[in-house]
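Enquirer:
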Amino acid sequence: MPPLFQSLLLVTAQVIVLLAVSPFLVGLIRKVKARFQCRQGAGVFQPYADIAKLFRKQPVISTTTSWIFTATPYILFASTLSAGLLVPTFTSQTPLNFAGNIIALVYLLALGTFFLILAGLDAGSAFGGMGSSREAIVASLTEPSMILSIFAIALTAGSTNLSTIVHKTALLEGIVTDPSPHLMALAALFIVALAETGRVPVDNPATHLELTMIHEAMVLEYSGRYLALIEWAAGLKLAVFLSLIANVFAPWGIATTLAPAALAIGLVVYTVKIAGLAVLIGVIECMFAKLRLFRVTDLLGVAFILALLGLLFFYILRS
Amino acid sequence: MFLADDVYTMTILLAGMLAIYATGIVLPLCFPSRPRIQNLIAHGLAAVACLGGIILGIAGLFASGPLILLLSSPLPLLSFAVRLDPLASFFVLTISLAGLAASIYAVGYVRHFQGRVSVAALGSLINGFLLSMTLVVLADNGFFFLIVWELMALTSYFLVVTEHEKADVRYAGFFYLVMTHIGTAFVVFTYLILFQSAGSFSFDAFRHPEEALPEGMRTLVFLAALIGFGTKAGIVPLHVWLPYAHPAAPSHISSLMSGVMIKTAIYALIRVYFDFLGGQFPWWWGFLVLLVGTLSAILGVMYALMEHDLKRLLAFHSAENIGIILLGIGAGMIFQTYGLKEFAALGLLAGLYHTINHAMFKALLFLGAGSLVYATHTRNMEEYGGLLRRMPWTGLFFLIGAVSISALPPTNGFVSEWLVFQTLFLSFQFPDLFLKLMLPIAAAILALTGVLALACFAKAFGISFLALPRSSHARHADEVPISMRIGMGIPALLCVGLGLAPMIVVPLLDRITAPLTGVSITDKVLALDGWALAPVNMEFSSLSPPMLAAMLILGGLLGLALAFLFGGHLVKRYYKTWGCGINLSPRMEYTATGFVQPIKRVFSTIYQPTIKLETEFLQESRYFAKQRKFEFHIEPVFEKYLYSPVVHVFMRIADRLRILQAGSLHLYLAYIFVTLVVLLLFAV
Chain R
232 MPPLFQSLLL
242 VTAQVIVLLA
252 VSPFLVGLIR
262 KVKARFQCRQ
272 GAGVFQPYAD
282 IAKLFRKQPV
292 ISTTTSWIFT
302 ATPYILFAST
312 LSAGLLVPTF
322 TSQTPLNFAG
332 NIIALVYLLA
342 LGTFFLILAG
352 LDAGSAFGGM
362 GSSREAIVAS
372 LTEPSMILSI
382 FAIALTAGST
392 NLSTIVHKTA
402 LLEGIVTDPS
412 PHLMALAALF
422 IVALAETGRV
432 PVDNPATHLE
442 LTMIHEAMVL
452 EYSGRYLALI
462 EWAAGLKLAV
472 FLSLIANVFA
482 PWGIATTLAP
492 AALAIGLVVY
502 TVKIAGLAVL
512 IGVIECMFAK
522 LRLFRVTDLL
532 GVAFILALLG
542 LLFFYILRS
Chain H
38 MFLADDVYTM
48 TILLAGMLAI
58 YATGIVLPLC
68 FPSRPRIQNL
78 IAHGLAAVAC
88 LGGIILGIAG
98 LFASGPLILL
108 LSSPLPLLSF
118 AVRLDPLASF
128 FVLTISLAGL
138 AASIYAVGYV
148 RHFQGRVSVA
158 ALGSLINGFL
168 LSMTLVVLAD
178 NGFFFLIVWE
188 LMALTSYFLV
198 VTEHEKADVR
208 YAGFFYLVMT
218 HIGTAFVVFT
228 YLILFQSAGS
238 FSFDAFRHPE
248 EALPEGMRTL
258 VFLAALIGFG
268 TKAGIVPLHV
278 WLPYAHPAAP
288 SHISSLMSGV
298 MIKTAIYALI
308 RVYFDFLGGQ
318 FPWWWGFLVL
328 LVGTLSAILG
338 VMYALMEHDL
348 KRLLAFHSAE
358 NIGIILLGIG
368 AGMIFQTYGL
378 KEFAALGLLA
388 GLYHTINHAM
398 FKALLFLGAG
408 SLVYATHTRN
418 MEEYGGLLRR
428 MPWTGLFFLI
438 GAVSISALPP
448 TNGFVSEWLV
458 FQTLFLSFQF
468 PDLFLKLMLP
478 IAAAILALTG
488 VLALACFAKA
498 FGISFLALPR
508 SSHARHADEV
518 PISMRIGMGI
528 PALLCVGLGL
538 APMIVVPLLD
548 RITAPLTGVS
558 ITDKVLALDG
568 WALAPVNMEF
578 SSLSPPMLAA
588 MLILGGLLGL
598 ALAFLFGGHL
608 VKRYYKTWGC
618 GINLSPRMEY
628 TATGFVQPIK
638 RVFSTIYQPT
648 IKLETEFLQE
658 SRYFAKQRKF
668 EFHIEPVFEK
678 YLYSPVVHVF
688 MRIADRLRIL
698 QAGSLHLYLA
708 YIFVTLVVLL
718 LFAV
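Residue numbers (the numbering used here), protein chains in the order written: chain R, 232 to 550; chain H, 38 to 721.
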């Protein structure tokens, strides 16, 4: 197979995997929460049906809005999907690895956040503005920790490109004997993931209470296909973070070659890994209460300190 | 290029550019009481000269050697020497690009000044301002540099006080004048030290002094230059003049002051540190620059967030972006100390890349703010709203600027900030644990800066352009004239272009950094035939802005395709926003103050906010408020704790000295007599 054709095939496969797996993750978390609350809950594939239904619904658009409102779902979808293509999923041979490193990933996600904040303000209702304002502060506090935590790992692998990090770690190259920097970074990144994907204890995706909502408040005015894209993008963002955590910290089983058998194993292992993480998030959502907005800063401060300690440990252990 | 090495053509081009600026200064004054002609002549000539500057700048970057012109003067130490080397060419190019946009914009914009201020003076001064900025970067003689540096300060001062009938404008102008001269004093001091060892004011003598400067003197040069040029650049804590001077000036002038004038200080810093001092310095110099950069970046954006005057907000962002530039340069200086020349070049390159990027998006944003002022007659963001529907072009251009300054892909701001990040990440090469730790922390603070800038511009764009109009001004705003739209369109296009084409920009910047650091890094930074940036190597980090742009476009198309596939043909229904059962009014919208309230609260240690809430109750019952008054201020820490005490001391000294100037003629005659006697005694 010519290399270009092979790359296109891999990219297409990754797009399909990401798009396919993201509603499942959302459904799985909901199922876990339902079972913990002694409910039957909807099936894990319910989000697929929800998205399909939303696509078919006629969208209602506020008369106060501008083109920003209708463009945002597409921009959000595109930026989240692009971010997803920079993260390795079932194989560490990500063809678009060269397009950007961890910084590019962070800023691609920020592009989506920027437009979502604008869309929240566009309809003119106070709910949207409230959501936008809160999203701005949560995003500000998560990104430094995210960059610092990945940096600690990047140093071990000698790369800031995610696929290269995962590939090297999977082949057990450049692994330090002491895993403590990794554990610190893992804890930091996990908190960041909870905050960025709008999960308890930072945000509650299951509520429409004005006092608590962040993400839901921003997208309150959306309906029809626009809401479908936004929901899908939210699922994608979850998939991006879970893939990142699963593959950077536990790359075992990922396909390091493009042999069909390795790819098949990689796909199965990948699904199991992120499903496991989704279950963990579901459990956390049941065990903890949502924090008050101004207590969230403490949590994210902890994430920053953990990431910084990870870096410090790395240097001290090295020298 | 054939043009670049043809000394004759280049000389003509350079002289022609300077001559057109000079004509632009004089000619508008020759048409008294014909403001339309004055306007066209002044800004037309400025635009032509800027076009010449753009060609000259590009040609200068390609030239194999510097172009040197020398005109001796009657004064012994002064010579009108001009030297067009790659560093100077780059800044001529940047100044001319911003100048072109501003002068085209001004044709329409200046119209609303007609009848209130002299258009001839305004047009003549902008030519003088552009001329002096161009000469600042071209000057090859310390004395000459100081003259044009002062000329730049004075022309910009007169431009700031264009609307001098307003008291706050006069105050802003005075503040700027004082600050800029404090800076100039340190600049003069810097050059005097250099002069002492060189024996001449010629820059060549500075470069190769007869006797090398002793270590202590070099440190003094470093510090004096940092303070002197730092004042002009607006580094924290010397940034206090920015939020006064930039908003007071007409917007096209603000775009030049913020976009390029403060960059002349960056030029001068690079010139002094890497050229005059030969790039030899202890590690703490670079670290100090890095520290100043970090502080400027984070505090600049934090103060910007709290501003609701659009132009003041943009002024604080200048401090932020100067900080980002200095982060790149400072990191480069530290690498230089440790002999890691390639990384030093990378840091310098990142700083220069951000310099031209900031010039473009900040010029664009100030011009956009000018359009808003033109259309609504207010700078207060809380009175805008819903302007995207009334002013679609201005809105689109402002959005491009906002996305660029927030460093979001695939725009230019992202690419240069990414390069700064990579420079900081390479710090693991240092032998010293302290520096190894400090640079990643600077990177984390840079990340925080980036997101806060995002929040700030989400606020600036969202509150100004989206939702319902918040005042009758905004309800009746109209799109600005075509010349103003072209003026904004040029930097908007460049914001996108400079981001998508690093394969063109990086080799050009490399021509500047290569002579300064001694290594060429184009091959090391560019990979995959220029389609990707990969500082050091593809293994460590890579970024492909064109690829990211393609991914974003294809992703958006995929979204459209999916929507069509699952949902079929789109039929929208329009209905008003749900306002809890009552009709939505602008008073129900989120305000700019409300938007940043969580940020203010989280970072209250920095802001030290004071909140005053006064409620007047109805006489019948304390459960019903008649009216409420809410005020909030953030503590201007630097002005209160750093500047006020100094000003206070000066005032007290001045009070004491006033005894000397009692207003009595006899006393003054006595002074003259005493002076004469003393001088005669000395003479004998």
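The C-beta atom is built at its ideal place from N, Cα and C for all residues, glycine as well. All values reported here derive from a predicted model rather than from experimental measurement.
List, in order along the chain, the chain R residues whose C-beta lies closer than 8 Å to that of PRO635(H)?
Expert: Counting only Cβ-Cβ distances below 8 Å, PRO635(H) has contacts in chain R at SER364, ARG365, ALA367, ILE368, LEU524, PHE525, in chain order.
Enquirer: Tell me, please, whether the CB atom of ASN478(R) is closer than 7 Å to any CB atom in chain H?
Expert: no
Enquirer: Mind checking if LEU611(H) is an interface residue toward chain R, Cβ cutoff 7 Å exclusive?
Expert: In the sequence under discussion, the amino acid at residue 611(H) is Tyr, which differs from the Leu named in the question. Closer than 7 Å: yes.
Enquirer: When the distance is taken between beta carbons, is HIS398(R) closer than 7 Å to SER474(R)?
Expert: no
Enquirer: Sorted by chain position, which residues of the same chain lie with C-beta nearer than 7 Å to ALA481(R)'s C-beta, five sequence neighbours on each side aside?
Expert: LYS504
Enquirer: Can you say whether ASN574(H) is buried or exposed, counting buried as having 16 or more other CB atoms within 10 angstroms of its CB?
Expert: exposed
Enquirer: Can you look up ARG270(R) in the DSSP assignment and give me helix, strand or coil?
Expert: coil
Enquirer: Assuming the contact rule is C-beta atoms closer than 8 Å, THR374(H) and PHE318(H) should be a hit. Round their C-beta distance to whole Å, please.
Expert: Right, their Cβ atoms sit about 6 Å apart.
Enquirer: Helix or strand or just coil, what does DSSP make of ARG665(H)?
Expert: Assigned with DSSP and collapsed to three states, ARG665(H) falls in strand.
Enquirer: Which chain H residues are close to VAL291(R), counting only those with a beta carbon under 7 Å from its beta carbon?
Expert: Counting only Cβ-Cβ distances below 7 Å, VAL291(R) has contacts in chain H at ARG610, TYR612, in chain order.
Enquirer: Applying the criterion that 16 or more other CB atoms from any shown protein chain within 10 Å of the CB defines a buried residue, is ARG610(H) buried or exposed?
Expert: Here ARG610(H) is exposed, its C-beta having fewer than 16 other C-beta atoms within 10 Å.
Enquirer: Can you name the start and end residues of the beta strand (DSSP E) that LEU607(H) belongs to?
Expert: Element bounds for LEU607(H): n/a, residue is neither H nor E.
Enquirer: Touching or not, the region 344 to 356 of chain H and the region 282 to 292 of chain H, by the rule of three or more beta carbon pairs under 8 Å?
Expert: yes
Enquirer: Within 10 Å of its beta-carbon, does TYR678(H) have 16 or more other beta-carbons around it, so buried, or fewer, so exposed?
Expert: exposed
Enquirer: May I ask you to list, following chain order, the residues of the region 125 to 147 of chain H that have a beta carbon less than 7 Å from some beta carbon of chain R?
Expert: none
Enquirer: If the cut is a Cβ gap below 7 Å, which residues of chain R does VAL488(H) touch?
Expert: ALA341, ALA370, SER371, GLU374
Enquirer: Using the rule of at least 16 other Cβ atoms within 10 Å of the residue's Cβ for burial, across every protein chain shown, is TYR45(H) buried or exposed?
Expert: exposed
Enquirer: Hey, could you find the ends of the beta strand (DSSP E) GLU651(H) is sitting in?
Expert: 647 to 654
Enquirer: Run down chain H in chain order and give the residues with a C-beta less than 8 Å from the C-beta of ASP353(R).
Expert: GLY499, LEU503, ALA504
Enquirer: With a threshold of 8 Å, are at least 3 pairs of Cβ atoms found where one atom belongs to the region 63 to 70 of chain H and the other to the region 87 to 96 of chain H?
Expert: The region 63 to 70 of chain H, when compared against the region 87 to 96 of chain H, does not touch it at the 8 Å Cβ threshold.
Enquirer: Can at least three beta-carbon pairs, one atom from the region 428 to 443 of chain H and one from the region 477 to 496 of chain H, be found at a separation below 8 Å?
Expert: yes
Enquirer: Go ahead and label PHE545(R) buried or exposed: buried means 16 or more other beta carbons lie within 10 angstroms of its beta carbon, across all protein chains shown.
Expert: buried
Enquirer: To which residues of the same chain is ALA341(H) closer than 6 Å at the C-beta, ignoring the five residues directly before and after it?
Expert: LEU350, PHE353, HIS354, CYS493
Enquirer: Short check: CB of THR391(R) to CB of VAL423(R), under 7 Å?
Expert: No, the Cβ-Cβ distance between THR391(R) and VAL423(R) is not below 7 Å.
Enquirer: In whole angstroms, give me the CA-to-CA distance for THR488(R) and VAL450(R).
Expert: 41 Å
Enquirer: Kindly indicate which residue of SER408(H), TRP455(H), ARG659(H) has the alpha-carbon position closest to the one of ALA143(H).
Expert: SER408(H)
Enquirer: Would you kindly work out how many angstroms separate the C-alpha atoms of PHE535(R) and PRO375(R), rounded to a whole number?
Expert: In a straight line, the C-alpha of PHE535(R) is about 7 Å away from that of PRO375(R).
Enquirer: What are the boundary residues of the beta strand (DSSP E) that VAL119(H) is part of?
Expert: 119 to 121
Enquirer: May I have a chain-ordered list of the alpha helix (DSSP H) segments no shorter than 4 residues that lie completely inside the region 270 to 351 of chain H?
Expert: Runs of the alpha helix (DSSP H) inside the region 270 to 351 of chain H: 279 to 285, 288 to 293, 299 to 307, 320 to 342.
Enquirer: Using the C-alpha atoms, what's the distance from LEU716(H) back to GLN233(H)?
Expert: 29 Å
Enquirer: I'd like to know whether the C-beta of GLY405(R) is nearer than 7 Å to at least one C-beta of chain H.
Expert: A caution first: GLY405(R) carries a pLDDT of 49, below 50, which makes its placement in the model too unreliable to give a value.
Enquirer: Taking 7 Å as the CB-CB limit, is SER579(H) close to chain R?
Expert: yes
Enquirer: Could you check whether LEU420(R) and SER394(R) sit closer than 7 Å to each other, using their CB atoms as the reference points?
Expert: No, they are not a contact pair.
Enquirer: Less than 7 Å between CB atoms is the rule here; does LEU393(R) satisfy it with respect to chain H?
Expert: No, LEU393(R) does not count as interfacial toward chain H.
Enquirer: In this structure, what does DSSP give as the bridge partners for ALA564(H)?
Expert: ALA569(H)
Enquirer: Answer with yes or no whether the minimum CB distance from ARG287(R) to chain H is below 7 Å.
Expert: yes
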